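Residues 1 to 143 in UniProt numbering are what the sequence shown lists, from first letter to last.
We put the CB at the ideal spot given by N, CA and C, even for glycine.
Computed from a predicted structure; not experimentally measured.
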Amino acid sequence: MKRHPHEPEEVLHPLLALDVSDARIGFAVSRGRLAFARGYLQRTRQSEDVARVLETMQAEGARQLVLGLPLRTDGQPSPQAQKVQAFGRALRQAGVGVFYQDERFTTQAARQDLGRSASKGEIDAQSAVRILEMFLMRHGDGA
């Protein structure tokens with residue numbers, strides 16, 4: 001995936017990754033080269049969601065965000081990708097550095113990781129782990 005024009009020049013760790021859907025936001029945080037699920041939130045209004053993401057960043061000590069970008073299988077942005085980018089703009093306006101990571105197939109992989117009994121929120125958090133792992137691999141050392 002090519003670099004998004006508004007992404008920061010430098011990656012600052014730790015990172016918080018988000019799997020953003022219309023209903024929930026799944027969280028994962030980096031610790032060195034590893035990514036760990038950090039739960040999820042039910043979406044309300046964008047302004048409240050931004051505030052809750054900022055609170056989670058502070059609680060986790062995260063310095064930047066990685067948002068999963070839902071691309072179609074042909075690599076083109078999906079309709080949901082436009083919503084994620086709008087949420088990313090709101091986070092940038094709040095002063096946060098935002099990166100994007102292709103999130104194709106992360107939900108399917110998360111379902112396989114967790115099994116049938118996992119809740120949708122748990123799957124969203126595990127999807128955020130997958131997004132963050134791909135980002136860390138793409139950006140080298142991850143430390």
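Under 7 Å between the Cβ atoms of residue i and residue j?
i, j, result
"GLN46", "GLY68", "no"
"VAL98", "ALA28", "no"
"LEU15", "VAL66", "yes"
Could you tell me which residues DSSP pairs with residue i in its beta bridges?
i, result
"ASP19", "GLY26"
"LEU41", "ILE25"
Nearest-angstrom Cα distance between residue i and residue j?
i, j, result
"VAL20", "GLU9", "23 Å"
"residue 144", "ARG104", "For the chain, the structure presents residues 1 to 143; residue 144 sits outside this window and is missing."
"HIS13", "ILE25", "20 Å"
"ALA86", "GLY95", "15 Å"
"ARG52", "GLN42", "10 Å"
Span of the alpha helix (DSSP H) holding residue i?
i, result
"GLY140", "Taken as a continuous stretch (DSSP letters only), GLY140 belongs to no alpha helix (DSSP H), as it is neither H nor E."
"GLY12", "What sits at residue 12 in the sequence shown is Leu, not Gly. Element bounds for LEU12: n/a, residue is neither H nor E."
Following the continuous beta strand (DSSP E) through residue i, name the residue where it begins and the one where it ends.
i, result
"VAL98", "97-102"
Would you say the region 121-136 touches the region 34-52, given that touching needs at least three Cβ pairs under 8 Å? Using a C-beta cut-off of 8 Å, the region 121-136 makes contact with the region 34-52, since at least three inter-stretch Cβ pairs fall below that distance.
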